[in-house]
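Worksheet: the structure to be examined is printed underneath.
Numbering (our numbering), first residue to last: 13 to 117.
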């Protein structure tokens, strides 16, 4: 099966998703987070840096669970290019032992 090249929009969405996950991870180590989600630290690093722009659904679902983020929130934040609404910058999402502020990408 031939994989089609990603569109610029898909690449941008992958970068936004990666940045969102990195912020949500807060001060947790990449090793700890990856192992809790059942993946290698290198896979998580590639997702966070946008090198894997379209990670598999089970991978994102596992990360969302570990980080305490709803899949709806991840999808909404990763698919919107618009700047945050004024109240969005104050949204706080629990991330296990730490809390991180998330802003639109």
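Idealized CB from N, CA, C, for every residue including glycine.
C-alpha distance - residue i paired with residue j, whole-angstrom precision
| i | j | result |
| --- | --- | --- |
| residue 59 | residue 26 | 8 Å |
| residue 52 | residue 85 | 24 Å |
| residue 104 | residue 36 | No answer about residue 104 holds up, because its pLDDT of 36 lies below 50 and its placement is not dependable. |
| residue 71 | residue 30 | 12 Å |
| residue 63 | residue 24 | 11 Å |
| residue 91 | residue 28 | 8 Å |
| residue 32 | residue 87 | 10 Å |
| residue 38 | residue 16 | 34 Å |
| residue 19 | residue 65 | 10 Å |
| residue 83 | residue 21 | 19 Å |
Residues of its chain near residue i, where Cβ-Cβ distance is below 6 Å and the 5 sequence neighbours each way are ignored
| i | result |
| --- | --- |
| residue 47 | none |
| residue 56 | 42, 46 |
Neighbourhood of residue i by C-beta distance below 7 Å, restricted to the same chain and skipping five residues each side
| i | result |
| --- | --- |
| residue 2 | With the chain covering only 13 through 117, there is no way to say anything about residue 2. |
Identity of the residue in the options nearest residue i by Cα
| i | options | result |
| --- | --- | --- |
| residue 80 | 40, 67, 22, 68 | 40 |
Cβ shell of residue i (< 8 Å), same chain only, five flanking positions each side left out
| i | result |
| --- | --- |
| residue 78 | 45, 48, 49, 108 |
N-terminal and C-terminal residue of the alpha helix (DSSP H) that residue i is part of
| i | result |
| --- | --- |
| residue 88 | 83-91 |
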